[in-house]
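Chains as they are written, first to last, in my numbering: chain A, 5 to 235; chain B, 5 to 235.
There are 2 protein chains.
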Amino acid sequence: MSNKQLLLIDDDTELTELLSQYLKPQGYEVDIVHDGEAGIAQATSGKHYDLILLDVMLPKFDGFEVLKKLRVSHLTPILMLTAKGDDLDKILGLEMGADDYLAKPFNHRELSARIKALVRRMSLLPATSVQQNLKLDDVELSPSSQQVLCGGRLLELTGTEYSILHLLMLNHGNLLSKEDISEKVLGRKLAQFDRSIDMHVSNLRKKLAEFNTKEKIKTHRGAGYLYLVEA
Amino acid sequence: MSNKQLLLIDDDTELTELLSQYLKPQGYEVDIVHDGEAGIAQATSGKHYDLILLDVMLPKFDGFEVLKKLRVSHLTPILMLTAKGDDLDKILGLEMGADDYLAKPFNHRELSARIKALVRRMSLLPATSVQQNLKLDDVELSPSSQQVLCGGRLLELTGTEYSILHLLMLNHGNLLSKEDISEKVLGRKLAQFDRSIDMHVSNLRKKLAEFNTKEKIKTHRGAGYLYLVEA
DNA sequence: AGGGAGTGTAAAGCTTTTGTAAATAGAGGA
DNA sequence: TCCTCTATTTACAAAAGCTTTACACTCCCT
């Protein structure tokens, strides 16, 4: 496993220096910024971060605003650091979208353990970066243009077919139930006798088959569908 | 989105009652057990839990032991509760695989926020992938794809066969009665003269035998079945 | 040894789920 | 409005899986 990338957003330079020194030997690479504006800029710069450590008291934008803005487009886990006097209610003010909170002053080992727990948990997610091109065997899918290439040739899919293929490919090797697919792609619960997903999968297979490619989508009767990858 | 399933393992009946009352209106369904042994049994019963709340001080097995045993086969997020505010305890729990740690007495809103954060984060994952691969000798079972590899080759099982093998492997070395298997796998009481389980086991053995592997499933006449491991 | 209960398993029957063509409904644009 | 493209529903055949039946065999008990 390569080094984990952390982004630390805190205006206390003494603390950031200390933390950085503490975390580096543990296999983390730490980028530091000292205000909310720079924090948002860095987090959305395109560089991938495994975790963001975010102080609540910040110049320019405070931690809550940074959190709110980031959550619009990013799912990177965020651990918030709060000074003692901060309004607990506001921190808990649910729906904010942070993954963990830790009150200053904190035990360094506890911070380290919480970082490790979050990173470990996140590493279970399949390809998290939803925006990247996704290529498996001879099928390449590009989210930015919503296009799919199969063996170099363009595969014409409808919106729903594209979404299903994307979801299956993101979770390749994992079984996805029709319920899951319906909720994530169609945004509704799968009703009894609802055959929509079956139809879309059937159409997808038909289109893929025209490109004389191997069977990609496997059915697990009573359980769901699974995208296959070779070897 | 349907209600989230929580498992609360704590011997303090007053607290569990209180918490249960507090969490239900927020859209959680809470199952409660009061000792470590029952906790493990319930968590591995096959019912899906979105989150497990685990007290450290427990009869039978303490929280750390429960955590260790569960982590062998399950990746369900676990939030640990402790009476002691000891940092070292927290660190230990987190390093052993817990996802969060909260010291008693805690603010109910903080618990609620932490539960919500964990559940929100996990809901990004398909439900199947919260269980770890299970490998015993040359048989490897992968819950996320519901596939089984035997000596590296793919073993094609039906849903029920898979479930029975999963159950047997989870309890390897322990005898499982047909009644238990029927209830956990088929979801019904074993009726008199019901030979379904026998048939499924027979088919399982036949499929395993094609991979010229050793006898894995042993019969205990009048008692049930047992999954064997070498040495 | 005889007999009953429990088990292994082939084969048949039944139920549920899936694949897909075709009909219908709906949305968006010219 | 009508046309076109998509999504959904309907309908039915086919496939796959589950259960039942039947009978042979095995293990124990007397």
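Built from N, CA and C at the ideal position, the CB exists for glycine as well.
Would B/Lys139 be called buried (16 or more neighbouring beta carbons within 10 Å of its own) or exposed?
-> So B/Lys139 counts as exposed.
Kindly indicate the opening and closing residues of the alpha helix (DSSP H) around A/Tyr26.
-> A/Tyr26 -> alpha helix (DSSP H) spans 17-27.
Sorted by chain position, which residues of the same chain lie with C-beta nearer than 7 Å to B/Asp141's C-beta, five sequence neighbours on each side aside?
-> Closer than 7 Å at the Cβ level, and outside the excluded window around B/Asp141, lie Val233, Glu234.
Taking only beta-carbon positions, decide if A/Asn216 is within less than 7 Å of chain B.
-> No - not a single Cβ of chain B is within 7 Å of the one on A/Asn216.
Residues in its own chain within less than 7 Å of B/Glu69 by CB, not counting five upstream and five downstream?
-> Gly40.
Which residues, taken in chain order from the region 91-107 of chain B, show a beta carbon closer than 9 Å to some beta carbon of chain A?
-> Under the 9 Å Cβ criterion, the region 91-107 of chain B contributes Asp91, Leu92, Lys94, Ile95, Leu96, Gly97, Leu98, Glu99, Gly101, Ala102, Asp103, Asp104, Tyr105.
Could you list which residues in chain B have their beta carbon closer than 8 Å to that of A/Glu69, in chain order?
-> Scanning chain B for C-beta atoms nearer than 8 Å to the C-beta of A/Glu69 yields nothing, as the closest lies near 19 Å away.
Which residue or residues does DSSP assign as beta-bridge partners of B/Ala312?
-> Lying before the first or after the last residue shown, residue 312 of chain B is absent from chain B, which here runs from 5 to 235.
Beta carbon of B/Thr48 nearer than 7 Å to that of B/Leu174 = B/Leu174 sits close to B/Thr48, with the two beta carbons spaced by under 7 Å.
Could you tell me which chain B residues have their CB closer than 7 Å to the CB of A/Asn207, listed as they occur along the chain?
-> Correct list: empty, because the minimum Cβ distance to chain B is about 22 Å.
Hey, A/Lys218 and A/Leu159 are a contact pair by Cβ (cut 8 Å); roughly how many whole angstroms apart?
-> With a Cβ gap of about 15 Å, A/Lys218 and A/Leu159 do not count as contacting.
Answer with yes or no whether the minimum CB distance from A/Arg75 to chain B is below 7 Å.
-> By this cut-off, A/Arg75 is not an interface position.
What distance in whole Å lies between the Cβ atoms of B/Ala107 and A/Ala102, which are believed to be in contact at a cut-off of 8 Å?
-> Rounded, the Cβ-Cβ distance is 19 Å, inconsistent with contact.
With respect to the beta strand (DSSP E) encompassing A/Val34, which residues constitute its N-terminal and C-terminal limits?
-> 32-37 is the extent of the beta strand (DSSP E) around A/Val34.
Please say whether A/Asp15 and A/Leu62 have beta carbons closer to each other than 7 Å?
-> Cβ atoms of A/Leu62 and A/Asp15: closer than 7 Å.
Output yes or no for whether 7 Å exceeds the beta carbon distance between B/Gln46 and B/Val60.
-> No, they are not a contact pair.
Can you tell me the Cβ-Cβ gap for B/Ile82 and B/Leu115, rounded? I've got them flagged as a contact below 8 Å.
-> About 14 Å separates the Cβ atoms of B/Ile82 and B/Leu115, ruling out a contact at the 8 Å cut-off.
Along chain B, in chain order, which residues have C-beta atoms closer than 7 Å to that of A/His170?
-> Contact of A/His170 with chain B by beta-carbon distance below 7 Å is absent, the smallest such distance being about 14 Å.
According to DSSP, which residues form a beta bridge with B/Asp59?
-> Looking at the DSSP output, B/Asp59 sits in a beta bridge with B/Leu85.
Using the rule of at least 16 other Cβ atoms within 10 Å of the residue's Cβ for burial, across every protein chain shown, is A/Asn178 buried or exposed?
-> Taking every protein chain shown into account, the CB of A/Asn178 has 16 or more other CB atoms within 10 angstroms, so this residue is buried.
Pick helix, strand or coil for A/Gly191, following the three-state DSSP scheme.
-> A/Gly191 falls in the coil class under three-state DSSP.
Short CB-CB distance (under 7 Å) between A/Arg192 and chain B | A/Arg192 does not count as touching chain B.
By the 10 Å Cβ neighbour count, where 16 or more other Cβ atoms means buried, how is B/Lys220 classified, buried or exposed?
-> B/Lys220 should be labelled buried.
Taking only beta-carbon atoms, is A/Ser227 less than 7 Å away from chain B?
-> Reading the sequence as shown, one finds Ala at residue 227 of chain A and not Ser. Output row for A/Ala227: interface = yes.
Is A/Ser200 helix, strand or coil when you go by DSSP?
-> When DSSP states are grouped into helix, strand and coil, A/Ser200 belongs to the helix group.
For A/Ala117, count neighbouring C-beta atoms within 10 Å of its own C-beta (all shown protein chains included) and say buried if the count is 16 or more, exposed if not.
-> Result: buried.
Tell me which same chain residues have a C-beta within less than 6 Å of the C-beta of A/Glu183, skipping the five on either side of it?
-> Excluding residues up to 5 positions away in sequence, Leu194 lie with their Cβ nearer than 6 Å to the Cβ of A/Glu183 in the same chain.
Closest by CA to B/Thr20, which one among B/Gly31, B/His78, B/Lys51, B/Leu85?
-> Comparing alpha carbon positions, the residue from B/Gly31, B/His78, B/Lys51, B/Leu85 closest to B/Thr20 is B/Leu85.
Under the three-state reduction of DSSP, which class applies to A/Ser116: helix, strand or coil?
-> Helix at A/Ser116.
Residues sharing a beta bridge with A/Gly228, DSSP | Note: A/Gly228 sits in a beta bridge opposite A/His224.
Got a sec: which bits of the region 152-171 of chain B sit with their beta carbon under 8 Å from any beta carbon on chain A, in order along the chain?
-> Thr162, Gly163: these are the residues of the region 152-171 of chain B whose beta carbon lies less than 8 Å from some beta carbon of chain A, given in chain order.
Is there at least one Cβ from chain B nearer than 7 Å to A/Asn178's Cβ?
-> Closer than 7 Å to the CB of A/Asn178 there is at least one CB belonging to chain B.
Got a sec: is the Cβ-Cβ distance from A/Glu234 to anything in chain B below 7 Å?
-> No, because no Cβ of chain B sits closer than 7 Å to the Cβ of A/Glu234.
Going along the chain, which residues of its own chain have a beta-carbon closer than 7 Å to the beta-carbon of A/Asn7, five neighbours each way excluded?
-> Around A/Asn7: Gly31, Tyr32, Glu33.
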